[in-house]
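Asks:
Numbering (mature numbering (1 follows the signal peptide of the UniProt record, and there is no 0)), first residue to last: -22 to -1, 1 to 340.
(1) Compute the Euclidean distance between the alpha carbons of residue 331 and residue 39, then round it to the nearest angstrom.
(2) Counting C-beta neighbours from all protein chains within 10 Å, is the total for residue 26 16 or more, i.e. buried, or is it exposed?
(3) Determine the contact status of residue 174 and residue 333, defining contact as a CB-CB distance below 8 Å.
(4) For residue 95, is the classification buried or exposed, using 16 other Cβ atoms within 10 angstroms of its Cβ as the cut-off for buried?
(5) In angstroms with no decimal places, state the Cα-to-Cα distance between residue 303 and residue 295.
(6) Could you tell me if residue 23 is buried or exposed, where buried requires 16 or more neighbouring beta carbons within 10 angstroms of its beta carbon?
(7) Could you compute how far the alpha carbon of residue 216 sits from the alpha carbon of residue 265?
(8) Count the other CB atoms, across all protein chains shown, that sit within 10 Å of the CB of residue 28; report buried if there are 16 or more and exposed otherwise.
(9) Hey, would you say residue 305 sits closer than 8 Å to residue 148, going by beta carbons?
(10) From the DSSP secondary-structure annotation, give me the bridge partner or partners of residue 295.
(11) Roughly how many whole angstroms lie between the Cα atoms of residue 225 and residue 169?
(12) Can you tell me which of the three DSSP states residue 326 falls into?
(13) Going by C-alpha to C-alpha distance, which of 257, 280 and 248 sits closest to residue 289?
(14) Are there 16 or more other CB atoms within 10 angstroms of the CB of residue 317, so buried, or fewer, so exposed?
(15) According to DSSP, is residue 244 helix, strand or coil?
(16) Quick one: residues in its chain with C-beta nearer than 6 Å to the C-beta of residue 282, no 5 flanking neighbours on either side, listed in chain order?
(17) In the DSSP output, what is residue 276 paired with across the bridge?
(18) Going by beta carbon distance, what residues of the same chain come within less than 6 Å of residue 329, once the five residues before and after it are set aside?
(19) What are the boundary residues of the beta strand (DSSP E) that includes residue 288?
(20) With DSSP as the reference, identify every bridge partner of residue 38, one or two as the case may be.
(21) Considering only residues of the same chain and omitting the five flanking positions on each side of residue 180, which have a CB-CB separation below 6 Å?
(22) Would you say residue 162 and residue 7 are within 8 Å of each other, going by their C-beta atoms?
(23) Should residue 193 and residue 218 be called a contact, given that it needs their Cβ atoms to be closer than 8 Å?
(24) On the DSSP bridge assignment, give the partners of residue 342 in chain order.
(25) Give me, in chain order, the residues of the same chain whose beta-carbon lies closer than 8 Å to that of residue 253; leave out the 5 immediate sequence neighbours on both sides.
(26) Any heavy atom of the ligand ZN closer than 7 Å to the beta-carbon of residue 335?
(27) If I measure Cβ to Cβ from residue 227 and keep anything under 6 Å in the same chain, skipping five residues before and after, which residues do I get?
(28) In the DSSP assignment, find the beta strand (DSSP E) that holds residue 149 and state where it starts and stops.
(29) DSSP on residue 259, reduced to helix/strand/coil?
(30) Counting only beta-carbon separations shorter than 8 Å, does residue 264 have a partner in chain D?
(31) With a 10 Å radius around its C-beta and 16 neighbouring C-beta atoms as the bar for buried, classify residue 30 as buried or exposed.
(32) Among the candidates 10, 338, 339 and 323, whose CA atom is the shortest distance from the CA of residue 167?
(33) Take the Cβ of residue 267 as the centre, count every other Cβ of all protein chains shown within 10 Å, and call the residue buried at 16 or more, exposed below.
(34) Which of the three DSSP states is assigned to residue 12 in this structure?
(35) Does DSSP put residue 320 in a helix, a strand or coil?
(36) I'd like the span of the beta strand (DSSP E) that includes residue 204, first residue to last.
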């Protein structure tokens, strides 16, 4: 049974489909964070901080999924990811909300609805029919939409129809003041270029389902912390994956320890324990503003400067914590680190690009 082979990237996104251009020219869709107040899964009984803690727990628990597998099978972890997708399959189309599991495979017509009332159909699309699915967004989701590099992922199957398989997204801040949505772009609409754009190779790897990048180092101010060796490769090997379904950024134990120490040296506020017991480096911001140092992720050929919304998260009233943690599994560049960045995947040329962007204005 082929399970989860198309789910490498795991763009789990809750969004209605709004097509802005024809498929041949590319198109864009709106994506909404699962905790947005305009999400159908929004729970008004939860506080902002309860939603943050839930996201952190999903991130840490979900990171265990990325352990190097010994076979082509993997377990779909419960409630993983930050986003869901609205899509239709079959003829006539049947609407589902997406976390697409790949248990047994079938061939169906996948349909995306346009704003003008017309539909775009992708016939003969392989769709997973899981018989032992454990993913659940309070029982309201129907599978996982895979944007990975595997042969039966959503992108691999549709790449001929949407300009060679390029896609990009722009993730708004986790809890914006406005009910703004993020954008997911396909084909020509996915191009990332212009001032501030930096690019890095997508590294081919035995595990084709993941998008591997090469992280050379992090800088905290002028202090550069090299990646070094780890059990998942050294510089040049494709040593980290980029994933929009994981909230935190997960680093190898040694790199995380050195990185945390470098950040702590720059921040002079009072350190406090994380009341959620999930993160290590936390500060009391009750009376003083957190002055976050300039942090840069140095990928091969691409220096990506991270702002405060990318590196710290308020987990309780008056307590802000570094949104990074350690892992013994595959390192992950998570979605908090990608907020307000236009992130483009050129799958034809195996290039990933970053561009600083106000995603609320996209």
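Built from N, CA and C at the ideal position, the CB exists for glycine as well.
Quantities reported herein were computed from a predicted structural model and do not represent experimental measurements.
Replies: Taking the structure as given:
(1) Your numbering for residue 331 matches position 353 in the chain shown. Your numbering for residue 39 matches position 61 in the chain shown. Distance between the alpha carbons of residue 331 and residue 39: 28 Å.
(2) The residue you call residue 26 lines up with position 48 of the chain shown. Exposed, since its Cβ has fewer than 16 Cβ neighbours within 10 Å.
(3) Taking the chain shown and counting its residues from 1, one reaches residue 174 at position 196. Taking the chain shown and counting its residues from 1, one reaches residue 333 at position 355. Result yes, Cβ atoms of residue 174 and residue 333 sit closer than 8 Å.
(4) Working through the chain shown from its first residue, we reach residue 95 at position 117. Because the pLDDT at residue 95 is just 45, under 50, the model does not fix this residue reliably, and the value given afterwards should be weighed accordingly. Its Cβ having fewer than 16 others within 10 Å, residue 95 is exposed.
(5) Taking the chain shown and counting its residues from 1, one reaches residue 303 at position 325. Taking the chain shown and counting its residues from 1, one reaches residue 295 at position 317. Answer to the nearest angstrom: the Cα atoms are 21 Å apart.
(6) Here the question's residue 23 lines up with position 45 in the chain shown. Label assigned to residue 23: exposed.
(7) Locating residue 216 in the chain shown gives position 238, counting from the first residue. Locating residue 265 in the chain shown gives position 287, counting from the first residue. C-alpha separation (whole angstroms): 42 Å.
(8) In the chain shown, the residue the question calls residue 28 occupies position 50. It counts as exposed.
(9) Position 327 of the chain shown, counted from the start, is the residue given in the question as residue 305. Position 170 of the chain shown, counted from the start, is the residue given in the question as residue 148. Contact: no.
(10) For the purposes of this step, residue 295 is identified with residue 317 of the chain shown, where counting begins at 1. Partner(s): none; residue 295 has no beta bridge.
(11) Position 247 of the chain shown, counting from 1, holds the residue named residue 225. Position 191 of the chain shown, counting from 1, holds the residue named residue 169. Roughly 25 Å between the two C-alpha positions.
(12) Against the chain shown, residue 326 aligns to sequence position 348. Reduced to three states, the DSSP call for residue 326 is coil.
(13) Numbered from its first residue, the chain shown carries residue 289 at position 311. Answer by Cα proximity: 257.
(14) Locating residue 317 in the chain shown gives position 339, where the first residue counts as 1. Flag for residue 317 reads buried.
(15) Reading the chain shown from its first residue, position 266 is the one you call residue 244. Residue 244: helix per DSSP, three-state reduction.
(16) Locating residue 282 in the chain shown gives position 304, where the first residue counts as 1. 275 and 332, listed in sequence order.
(17) As a first step, residue 276 must be located in the chain shown, where it is residue number 298. According to DSSP, residue 276 bridges with 195 and 281.
(18) Position 351 of the chain shown, counting from 1, holds the residue named residue 329. Excluding sequence neighbours, residue 329 sits near 177.
(19) Translated into the one-based positions of the chain shown, residue 288 becomes position 310. No beta strand (DSSP E) holds residue 288; the alpha helix (DSSP H) holding it covers 286 to 289.
(20) For the purposes of this step, residue 38 is taken as residue 60 along the chain shown, with counting starting at 1. In the DSSP output, where bridge partners are listed per residue, residue 38 has none listed.
(21) Taking the first residue of the chain shown as position 1, residue 180 is located at position 202. Here the set comprises 189, 328 and 330.
(22) Here residue 162 corresponds to residue number 184 of the chain shown, with the count starting at 1. Here residue 7 corresponds to residue number 29 of the chain shown, with the count starting at 1. In this structure, residue 7 lies closer than 8 Å to residue 162 by Cβ.
(23) If you number the chain shown from 1, residue 193 lands on position 215. If you number the chain shown from 1, residue 218 lands on position 240. A contact, by the Cβ cut-off of 8 Å.
(24) There is no way to answer for residue 342, as the model of the chain reaches only from -22 to 340.
(25) For this step, residue 253 is matched to residue 275 along the chain shown. Taken in chain order, the residues that qualify are 293, 294 and 297.
(26) Among the components modelled here there is no ligand, and therefore nothing to report on the ligand ZN.
(27) To locate residue 227, count along the chain shown from 1; it is residue 249. Excluding positions up to five away in sequence, the list reads 302, 311, 312 and 315.
(28) Counting from one through the chain shown, the residue named residue 149 turns up at place 171. No beta strand (DSSP E) holds residue 149; DSSP gives it neither H nor E.
(29) Here residue 259 is taken as the residue at index 281 of the chain shown, counted from 1. Note: residue 259 maps to coil in three-state DSSP.
(30) In summary, chain D is missing from the structure at hand, where a single protein chain is found.
(31) Residue numbering aside, residue 30 sits at position 52 when the chain shown is read from its first letter. When all chains shown are included, residue 30 counts as buried.
(32) Taking the chain shown and counting its residues from 1, one reaches residue 167 at position 189. It is 323.
(33) Mapped onto the chain shown, residue 267 falls at position 289. By the 10 Å Cβ count, residue 267 comes out exposed.
(34) Along the chain shown, one-based indexing puts residue 12 at 34. Here residue 12 sits in coil by DSSP.
(35) As a working note, residue 320 is residue 342 in the chain shown. Strand, per DSSP.
(36) Reading the chain shown from its first residue, position 226 is the one you call residue 204. Its beta strand (DSSP E) spans residues 201 to 204.
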